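Worksheet for the structure shown next.
This is the structure in structure tokens:
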């Protein structure tokens, strides 16, 4: 009979050398041959300790244990007097790891797999681990539908007992889903359930989306999505079996079968609140959408738990636990739900801390936090503080967390972690706007001047039609109560002839002072006073438009005059309400601003204007960052006292990339005798848009596409809604290092023969 020795046993036998000896007491243990492996690792594996009586059996056991660590190619054990000597030859260390052939799985992800398996550059190479790793990488590709992928490794010998590791991957092709069959569903048809899945059968757009490429993880998530769909529609006993996946012989086609056992539809029975109730929770129960008689939904149960937890958290019970206990009654097909409350102690805030604000003073952050120290903790106040900090525009990231105070179960510290971003700039810019031509600009601005939270800016701008210089300073907390103060000094020279709208130019110099008063965390009232000097330069009478002659006459000026100076003293009031989640490209919230300006007696021009701006953003698919946008702008102005209407210098204009896209810049509304636009005293514009991220751009806060529809018009006195102009198109908004960039392509939907239309419009560069 022939006896064979397994390869692993043979390798172990060749690697282990044991010198037989009489039993002896080891006074010490010496290890020779270590270079990279620590002596501690050896002693951790040894079963023999100094002072032990050592036998041949003990030596064999210890030697095997050292070999099984995977660190050594050779292990020799011998006795040197009463000293036990262990001489080892280390396995080579990995000096370099190269991975080639991978595209579907990133190299960093594969290196992470190597690290988790214990294969790292500089460490000893374990061949058994390497074999297991090859199999693990193979499984990763199989789970992604790449059944014909292969993984091989090559060990490259190097000097100084080192090796290089080369892992070669052939990824193969992705198996395509040929069919998804759902069996057993009666309440909902196949299409309804298939819509819940991310994996799909081949279709018109799957070549782009790749949704017909098989992946094990996605299929598991889809099975859970189908189960959740049923659980949210009353089918509490639904069973969705493990899907059957069949693969074609050529490893290219996948056939999936999902079996559903629906059960019966259940409704909500009684909804009760149990446990300890430290506050009145009846209001929370009324707010819940989980009500008796409604179709049972797991989602509504979770929302009820969250509603209850929030009420308790807002009242200071930060560690409250709310547990939903359902009781299913198969006979009545109802589910009674009891919300069991474990409130825990009333929690107080010991400290409010800020981390990461290296430039911004703590006081700037602290004044935005409604949660006070030494007061009862409020989840709503803590979250409101986070939103307030995010909206300052000083930080790219704001996180809020509560941390328990050691040995104080009724206290927490609130920690706001921020990541500062550049809030100031020193820039020169070149841009282009189709309404104003080439734009040249230089600006110094700091929204967070010296970390004080104050805003300071100085800018210069020049284009073919406009030259402007402006200085502004705003202290948002002029008083401790949040009253703001702003100062604005400006000079602007505008030639309306170059904009193609009218045949005159103006030079304006002004100084304004504004105070803002907080009404609530979201709303403010502001008052302003400004003095402005305007120099009007028009053509001589007879060669200029008749409305300018009429204006000169109404102001008591000679018809032969070509220039005039007007001094205005203006007071204003405004109300604003703002809950937008971000300053740039918001996706949620609303903003309203209603303003009124009046030139007071003593002014050369007497008039008033009223305007309204409203924006609303509604998330549609929050995870995909898709939202609806609605925007409205209204304006009206008229003369005061003996003035005959709103001075034409103050008219509203519409048309172009900022109002009604698809029509040329300021081209809508009344015209003069020569057919040039002169604006009007009534403005109406509106926008509805679907916003979504730009494909291929990871920073969704920086770039966004939108499908939009615009409407608008400018009128002289009477607004005829039938004269509104409409357009629709596609827009791109992108925040670049030089400032906001906008591209639009719009089609004018009801233009008249006298309208000036423009399909493609864009604006590049900062404007100040």
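Numbering (the working numbering), first residue to last: 2 to 769.
Note that CB positions come from ideal geometry on N, CA and C, so glycine has one too.
Just so it is clear, the structure is predicted and the values come from calculations on it, not from any experiment.
Only counting the same chain, and skipping five residues up and downstream in sequence, which positions put a Cβ closer than 7 angstroms to that of residue i?
i	result
residue 605	567, 568 and 569
residue 404	413, 414 and 416
residue 384	401
residue 151	171
residue 620	588, 589 and 628
residue 231	239 and 263
residue 722	none
residue 421	357, 358, 359, 360, 361, 395 and 396
residue 308	285, 288 and 289
Just how far apart, CA to CA, sit residue i and residue j?
i	j	result
residue 717	residue 575	24 angstroms
residue 218	residue 180	18 angstroms
residue 459	residue 514	16 angstroms
residue 571	residue 610	11 angstroms
residue 85	residue 147	53 angstroms
residue 244	residue 257	7 angstroms
residue 597	residue 539	29 angstroms
residue 238	residue 74	58 angstroms
residue 233	residue 299	5 angstroms
residue 508	residue 548	20 angstroms
residue 588	residue 408	42 angstroms
residue 799	residue 43	Because the chain spans 2 through 769 in this model, residue 799 falls outside it and cannot be assessed.
residue 527	residue 562	39 angstroms
residue 756	residue 671	11 angstroms
residue 673	residue 743	31 angstroms
residue 398	residue 386	13 angstroms
residue 774	residue 62	Residue coverage of the chain in this structure runs from 2 to 769, which leaves residue 774 outside it and unanswerable.
residue 432	residue 762	Note on residue 432: pLDDT 47, under 50, position unreliable in the model; no value is reported.
residue 692	residue 195	26 angstroms
By a C-beta neighbour count over all protein chains shown, 10 Å radius and 16 as the cutoff for buried, is residue i buried or exposed?
i	result
residue 312	buried
residue 171	exposed
residue 223	buried
residue 475	buried
residue 537	buried
residue 708	exposed
residue 754	exposed
residue 213	buried
residue 6	Note that residue 6 scores 38 on pLDDT, short of 50, meaning its location in the model is unreliable and no value can be drawn from it.
residue 667	buried
residue 255	buried
residue 533	buried
residue 340	buried
residue 338	buried
residue 675	exposed
residue 466	buried
residue 430	Note that residue 430 scores 49 on pLDDT, short of 50, meaning its location in the model is unreliable and no value can be drawn from it.
Excluding the five sequence neighbours on either side, which residues of its own chain have a C-beta within less than 8 angstroms of the C-beta of residue i, listed in chain order?
i	result
residue 758	663, 664, 665, 749 and 752
residue 114	134, 137, 138 and 141
residue 600	569, 570, 571, 606, 607, 608, 609 and 641
residue 236	188, 263, 264, 265, 266 and 267
residue 101	167, 168, 169 and 170
Note down, in chain order, each residue of its chain lying with its Cβ closer than 6 angstroms to the Cβ of residue i, except the 5 sequence neighbours on either side.
i	result
residue 456	448 and 475
residue 712	687, 725 and 727
residue 452	360, 361 and 362
residue 30	51 and 85
residue 695	704 and 706
residue 191	183
Going by the C-beta, is residue i closer than 7 angstroms to any heavy atom of the ligand FMN?
i	result
residue 241	The ligand FMN is absent from the structure shown, which contains no ligand whatsoever.
* Would you call the segment 184-201 and the segment 158-168 in contact, with 3 or more CB pairs under 8 angstroms? -> no
* To do: Evaluate contact between the segment 99-113 and the segment 75-83, counting only Cβ atoms and requiring at least three cross-stretch pairs below 8 angstroms.
  => no
* With a floor of 4 residues, list each alpha helix (DSSP H) that falls wholly inside the segment 188-232, ordered by position along the chain. => 191-195, 207-210 and 217-232
* Sufficient close CB pairs (3 or more, under 8 angstroms) joining the segment 586-603 to the segment 611-619 -> yes
* Determine contact between the segment 358-369 and the segment 329-348, defined as no fewer than three beta-carbon pairs at a distance below 8 angstroms. => no
* Touch check for the segment 156-165 and the segment 262-278: three-plus C-beta pairs under 8 angstroms? -> no
* To do: Please go through the segment 674-720 and give each complete beta strand (DSSP E) segment of 3 or more residues, from N-terminal end onward.
  => 683-694 and 704-716
* To do: Write down every uninterrupted run of the alpha helix (DSSP H) in the segment 127-173 whose length is 4 residues or greater and which is fully enclosed by it, in chain order.
  => 128-144
* State whether the segment 674-684 contacts the segment 648-661, with contact taken as three or more CB pairs (one from each stretch) at a distance under 8 angstroms. => yes
* List in chain order: all unbroken beta strand (DSSP E) runs of 3+ residues lying wholly within the segment 359-404. => none
* Asked: Which runs of the beta strand (DSSP E) fall wholly inside the segment 592-643 and span at least 3 residues, in chain order?
  -> 608-622 and 627-640
* Quick one: complete beta strand (DSSP E) runs, 3+ long, within the segment 291-371? -> 322-330, 335-343 and 349-356
* Uninterrupted beta strand (DSSP E) stretches inside the segment 458-524 (no shorter than 3 residues) -> 467-476, 485-496 and 505-519
* To do: May I have a chain-ordered list of the beta strand (DSSP E) segments no shorter than 3 residues that lie completely inside the segment 237-293?
  => 245-248, 254-262 and 268-276
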